[in-house]
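**Student:**
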Amino acid sequence: MFEVIGERINTSRKLVQAAVAERDAEYIINDVKKQQKVGASFIDVNAGARIGHEEEDMRWLLDTIQPFCAIPLALDSPDPAVLEMAFSMVDQTPMVNSISLEKERFDAMMPFLDGKECKIIALCMDDAGMPESSKDILGRAKNLIKELNGVGIITANIYVDPLVQPISTNSNKGIMVLDAVRAIKAEFPEVHITGGLSNISYGLPQRHIINRTFVALMMDAGMDSAIIDPLDKKIMATIQTADMLLGNDQFCMEYLKGVRSGTIES
Amino acid sequence: MTDFNAMTDALVSCDAPTLTNLVNDALAADTPAQDILNKGLIASMDIVGEKMESGDMFIPEVLMAAQAMGSCVEILKPLLGEGEGASGASVLIGTVKGDLHDIGKNLVAMMMESAGLEIHNLGVDIAPEDFVAEIKKKKAQIVCLSALLTTTMPAMKQTVDAIVESGLRDQVKIMVGGAPVTQAFADEIGADGFAADAGSASKMVKSFIN
């Protein structure tokens, strides 16, 4: 099943930041309920934007969200202290967003992850910057998987983010990441592939059609999760339809259910 | 009389062969290389920047236009006298410490370079003290800081603070940019300007110089 990580609870979004600053629980709860209703698998929670307030904001958000949330959370912070606190507050095995190969981040995250039961998003980023070829992405993914396996995280709990880059700056950026995903899945069939998609369309007009077309291609390559806005009806419909076309929807039941409920339209 | 408008049309339509022909024709008609560069190519690239800012041109087109312009500058280079190419202003640009993103920053650098400025692109993950050292070394008048992450925005403030402490603040204008950066943030950390895209960044630098 394709897993959507709902990206809406993020204090870098204006309305969320205002709700968090004013401790407007109703706004946050409603948003989380909506994301669950349309089929999110995880609710990402990022409290990082109000500089100096991350820990208290994260604590308040988790306190607010937990009682109304039936699905697991993705704890989104670069700070192991904030993550440690958040980890102790959740009542379902969470996802942690994220680790990368950047030395400072990697060294901070590994002791936190050691022996913990969680899912982890692994960014193919290292101190040299963004990856520059599909081989480069594969190499970084291999490294991350090996290191994470070493601290007890099984491959099936790892969500590799190959880092989608703007096609506007180089026409090969689409095929580069698609090839990388195929190569990673060939070597590690159990690993998940996730990530944000909207980077692909940066710098171009009519971005949504690029994002939607790209998610379908990425799913064929092996992407089985994405960090997106689940209230974007059109991308959710594309994902569900692509899932059916890739043979993951027996008797097309989910597709038909989506059409009847009005979530999928031509 | 050289028709510089035709060069603008060619550049805006990303038509490298036509632009090259126009430059060669202008040279054949004894138009000074310096005029072709300033009134033809740089002026045209300014219009490309404006079109980018207004959403009439997009990144791939701007890249193509810059490439076309670059190949024409190569034709002119041997004909330009010493110091005739650049405007004389030295501009530093880099992504702040802890941040490895460079796509936006490189676009800004490219637009400024096409505008005839002397650009020193320091790269990514640049520490405040390294910005300070480079300001001295390159005798910079403008410093452009880039950050793409909310987690690295504080490094912009640290860089501004380091420039203040070094006593160099009065010699430079500081500009900031990057997806999460706003005018309010620029004001808060004491930067001189904020630009939302490469076109307006390039325009702002010129306004600081003039």
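Residue numbers (the UniProt record's numbering), protein chains in the order written: chain A, 1 to 266; chain B, 1 to 210. C-beta atoms are modelled at their ideal positions from N, C-alpha and C, and glycine is treated no differently. From a predicted model like this one, the values you see are computed outputs, not experimental measurements.
1) Quick check: is the beta carbon of Phe194(B) nearer than 8 Å to any beta carbon in chain A?
2) List in chain order: all unbroken alpha helix (DSSP H) runs of 4+ residues lying wholly within the UniProt domain "B12-binding" (88-210) of chain B.
3) Give the straight-line distance between the Cα atoms of Ala198(B) and Val259(A), rounded to the nearest whole angstrom.
4) Residues of chain A with CB closer than 8 Å to the CB of Val124(B), please, in chain order.
5) If contact is defined by three or more beta carbon pairs under 8 Å, each pair taking one atom from either stretch, is the stretch 116-130 of chain A in contact with the stretch 160-172 of chain A?
6) List, in chain order, every chain A residue whose beta-carbon is nearer than 8 Å to that of Thr151(B).
7) Cutting at 8 Å between CB atoms, please list the residues of its own chain near Asn38(B), excluding the five before and the five after it.
8) Whole-angstrom Cβ separation of Leu62(A) and Phe42(A), contact assumed at under 8 Å?
9) Are there three or more Cβ pairs, one per stretch, closer than 8 Å when the stretch 161-176 of chain B is compared with the stretch 68-79 of chain B?
10) Go to Tyr159(A), then tell me how far its beta strand (DSSP E) extends in each direction, as first and last residue.
11) Grouping DSSP H, G and I as helix and E and B as strand, with all else coil, what is Val164(A)?
12) For His192(A), which three-state DSSP category applies?
13) Just mark Arg212(A) as buried or exposed, buried being the case when its beta carbon has 16 or more other beta carbons within 10 Å.
14) What does Phe58(B) reach in chain A if we use C-beta pairs closer than 9 Å?
15) With contact counted as at least three CB pairs below 8 Å, one residue from each stretch, are the stretch 34-51 of chain B and the stretch 180-190 of chain B in contact?
16) Would you list, in chain order, the members of the stretch 29-63 of chain A that have their beta-carbon closer than 7 Å to a beta-carbon of chain B?
17) Using a C-beta to C-beta distance shorter than 8 Å, which residues of chain B count as neighbours of Met125(A)?
18) Asn248(A) to Val177(A), Cα distance in whole Å?
19) Per DSSP, Asp76(A) forms a beta bridge with which residues?
20) Could you confirm whether any beta carbon from chain B is found closer than 8 Å to the beta carbon of Ser225(A)?
21) Kindly say whether Ser133(A), judged by its beta-carbon, lies nearer than 8 Å to any beta-carbon of chain B.
22) What number of angstroms, rounded off, separates the C-alpha of Val132(B) from the C-alpha of Ile93(B)?
23) Please state if the CB of Val205(B) and the CB of Met112(B) are separated by a distance shorter than 8 Å.
24) If you follow the alpha helix (DSSP H) that Glu74(B) is part of, which residue opens it and which one closes it?
25) Note down, in chain order, every chain B residue with its Cβ under 7 Å from the Cβ of Ser12(A).
26) Can Gly150(A) be considered in contact with the ligand NAD, in the sense that its beta carbon sits closer than 7 Å to one or more heavy atoms?
27) Based on DSSP bridge pairs, tell me the residues matched to Asn10(A).
28) Do the stretch 48-62 of chain A and the stretch 95-109 of chain A make contact, defined as three or more Cβ pairs closer than 8 Å?
29) Take Met69(B) and list the residues in its own chain whose beta-carbon comes closer than 8 Å to its own, dropping the five residues that flank it on each side.
30) Going by DSSP, which residues form a beta bridge with Ala226(A)?
31) Against chain A, with Cβ distances strictly below 8 Å, would Leu63(B) count as a contact?
32) Which residues in chain A have a C-beta closer than 9 Å to the C-beta of Pro128(B)? List them in chain order.
33) Alpha carbon to alpha carbon, how far is Leu246(A) from Ile158(A)? Give it in angstroms, no decimals.
34) Can the beta-carbon of Val16(A) be found less than 8 Å from the beta-carbon of Met236(A)?
35) Which of the three DSSP states, helix, strand or coil, is assigned to Lys116(A)?
36) CA-CA distance, Val45(A) and Met95(A)?
**Tutor:** This is what the structure holds:
1) The residue you call residue 194(B) lines up with position 194 of the second sequence. Phe194(B) does not count as touching chain A.
2) Counting only runs of 4 or more, we get 103-114, 128-138, 153-165, 183-189 and 198-209.
3) In the second sequence, counting from the first residue as 1, residue 198(B) sits at position 198. In the first sequence, counting from the first residue as 1, residue 259(A) sits at position 259. Approximately 43 Å between the Cα atoms of the pair.
4) Position 124 of the second sequence holds residue 124(B). Close to Val124(B), with beta-carbon spacing below 8 Å, are these residues of chain A in chain order: Gly129.
5) Yes, since at least three Cβ pairs between the stretch 160-172 of chain A and the stretch 116-130 of chain A fall closer than 8 Å, the two stretches touch.
6) Walking along the second sequence from the start, residue 151(B) turns up at place 151. Per Cβ cutoff of 8 Å: Gly48 and Pro78.
7) Mapped onto the second sequence, residue 38(B) falls at position 38. Correct list, in chain order: Gly116.
8) For the purposes of this step, residue 62(A) is taken as the residue at position 62 of the first sequence. For the purposes of this step, residue 42(A) is taken as the residue at position 42 of the first sequence. Actually they do not touch by this definition, with Cβ atoms about 14 Å apart.
9) Between the stretch 161-176 of chain B and the stretch 68-79 of chain B, the count of C-beta pairs closer than 8 Å stays below three; the two stretches do not touch.
10) Taking the first sequence and counting its residues from 1, the one referred to as residue 159(A) is at position 159. Start and end: Ile158 to Asp161.
11) Locating residue 164(A) in the first sequence gives position 164, counting from the first residue. In this structure, Val164(A) counts as coil in the three-state DSSP scheme.
12) What you label residue 192(A) is simply residue 192 of the first sequence in a count that begins at 1. DSSP places His192(A) in strand when its eight states are reduced to three.
13) Taking the first sequence and counting its residues from 1, the one referred to as residue 212(A) is at position 212. Classification for Arg212(A): buried.
14) Residue 58(B) sits at position 58 when you count from the first residue of the second sequence. Those within 9 Å of Phe58(B) in chain A are Ser168, Gly203, Leu204 and Pro205.
15) These segments do not touch.
16) Residues Gly48, Ala49 and Ile51.
17) One-based indexing of the first sequence puts residue 125(A) at position 125. Near Met125(A) (Cβ distances below 8 Å), the residues of chain B are Leu100.
18) Position 248 of the first sequence, counted from the start, is the residue given in the question as residue 248(A). Position 177 of the first sequence, counted from the start, is the residue given in the question as residue 177(A). About 23 Å.
19) Working through the first sequence from its first residue, we reach residue 76(A) at position 76. Its beta-bridge partners are Asn46(A) and Asn97(A).
20) Against the first sequence, residue 225(A) aligns to sequence position 225. Taking Cβ atoms only, chain B never reaches closer than 8 Å to Ser225(A), which makes this a no.
21) Counting from 1 along the first sequence, the entry for residue 133(A) is found at position 133. For Ser133(A), not one C-beta of chain B is nearer than 8 Å to its own C-beta.
22) By 1-based counting over the second sequence, the position of residue 132(B) is 132. By 1-based counting over the second sequence, the position of residue 93(B) is 93. Approximately 12 Å between the Cα atoms of the pair.
23) Looking up residue 112(B) in the second sequence gives position 112. Looking up residue 205(B) in the second sequence gives position 205. Between Met112(B) and Val205(B), the C-beta spacing is below 8 Å.
24) On the second sequence, residue 74(B) is found 74 positions in, with the first residue counted as 1. In this chain, the alpha helix (DSSP H) harbouring Glu74(B) covers Ile59 to Leu76.
25) One-based indexing of the first sequence puts residue 12(A) at position 12. Listed along the chain, the chain B residues whose CB falls inside 7 Å of the CB of Ser12(A) are Thr150 and Pro180.
26) Looking at this structure, you won't find the ligand NAD or any other ligand, since it has none at all.
27) One-based indexing of the first sequence puts residue 10(A) at position 10. DSSP lists Asn46(A) as partners of Asn10(A).
28) Too few Cβ pairs lie closer than 8 Å, so no.
29) What you label residue 69(B) is simply residue 69 of the second sequence in a count that begins at 1. So the list reads Leu11, Leu19, Leu41, Ser44, Met45 and Ser114, once near-sequence residues are dropped.
30) Looking up residue 226(A) in the first sequence gives position 226. Answer is Val4(A), bridged to Ala226(A).
31) The sequence position of residue 63(B) within the second sequence is 63, counting from 1. Interface annotation, Leu63(B): in contact with chain A, CB-CB separation under 8 Å.
32) Taking the second sequence and counting its residues from 1, the one referred to as residue 128(B) is at position 128. Residues of chain A whose Cβ lies closer than 9 Å to the Cβ of Pro128(B) do not exist; the shortest such Cβ separation is about 16 Å.
33) Counted from its first residue, the first sequence places residue 158(A) at position 158. Counted from its first residue, the first sequence places residue 246(A) at position 246. Whole-angstrom Cα-Cα distance: 22 Å.
34) What you label residue 16(A) is simply residue 16 of the first sequence in a count that begins at 1. What you label residue 236(A) is simply residue 236 of the first sequence in a count that begins at 1. Contact: no.
35) For the purposes of this step, residue 116(A) is taken as residue 116 along the first sequence, with counting starting at 1. Reduced to three states, the DSSP call for Lys116(A) is coil.
36) Position 45 of the first sequence, counted from the first residue, corresponds to residue 45(A). Position 95 of the first sequence, counted from the first residue, corresponds to residue 95(A). Within the model, the alpha-carbon separation for Val45(A) versus Met95(A) is close to 10 Å.
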